[in-house]
Amino acid sequence: MRAMLYAIGPMLFDSLGVIVFAVLLTVGAGIGPATVAGTVVAVAVVGYELASGHKVAALQWISLASVLLAAAATLFTGDPRFVMAKPTIVYLIVGTVMLRKGWLSRYIPPAQLAIVGDVMDRFGMIWAAMMFASAALNLIVALFSTAWWPLFIGVFPLASKFGLFAVHIAVVHVITQTRLRRRAGGLHPAE
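Numbering (my numbering), first residue to last: 67 to 257.
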């Protein structure tokens, strides 16, 4: 439970602009207000990190860029299909960034990372695969089921992330405990 709480804070904070954008869009606020609110929140998150002297995480930059991209699409095209397809581009970018080894390291306590760093790297690839699958699914829904797209974008991205997050935390916890028991018994964990 402690590991889950350790990771959920930064994950929500990193994605706050996109979350605000999706929630407002889902509740019918319209693309304009959702874009403005998401942009303000994403800029505030990055601004807070910079003002605090912290390194801005890759997902925070991606969140800001995706909200700004939505704002530009709204202003320049006015075409709802472009706006609906925009998450596909974002998911592809995020998935590509997630292919980088070690990107999950910030979401786990350093002592635990020493025990399950290899597992975290494998989950990094699983997260990337989910983002690529989300990109394809979003494009399909945007092009062929446009009436359902607001519900899809309001539910699926968060539900799929939290579902994988729960599995991820549970698996890492079990593997951590197993490896700690092996070490305590004088056995080395299988590589």
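Virtual Cβ for every residue (Gly too), placed ideally from N, Cα, C. Quantities reported herein were computed from a predicted structural model and do not represent experimental measurements.
Problem - CA-to-CA distance, Ala95 to His234, given in whole angstroms - result: 33 Å
Item to check | C-beta atoms of Val112 and Val102 nearer than 7 Å | outcome: no
Are Thr105 and Gly220 touching if we call contact CB-CB under 7 Å? no
Q) With distances taken from CA atoms, which of Glu115, Pro223, Met186 is nearest Val160? A) Pro223
request  = Return yes when the Cβ of Thr244 is within less than 7 Å of the Cβ of Arg178, no when it is not.
outcome  = The sequence given here places Gln at residue 178; Arg does not occur at that position. Contact flag unset, no.
key: Distance between Gly183 and Leu246 (C-alpha atoms, nearest Å)   = 14 Å
Phe87 versus Tyr114, Ala225, Ser132, Ala180, residue with shortest Cα-Cα distance: Ser132
Rounded to the nearest angstrom, what separates Glu257 and Phe189 at their Cα positions?
Note that Glu257 scores a pLDDT of 49, beneath 50, so its modelled location is shaky; the value from the coordinates is reported in the next line. Near 16 Å, if we compare the C-alpha coordinates of Phe189 and Glu257.
| message | If you follow the alpha helix (DSSP H) that Ser226 is in, where does it begin and where does it stop? | response | 215-250
key: Environment of Ile206 [buried if 16+ CB atoms lie within 10 Å]   = exposed
Going by beta carbon distance, what residues of the same chain come within less than 7 Å of Val107, once the five residues before and after it are set aside?
-> Leu82, Gly83, Val86
### Task
Let me know if Arg248 comes out buried or exposed under the rule of 16 or more other beta-carbons within 10 Å of its beta-carbon.
exposed
Let me make sure I understand the geometry here. Which of Ala195, Ala250, Gly98 has the alpha-carbon closest to that of Ile181? Ala250
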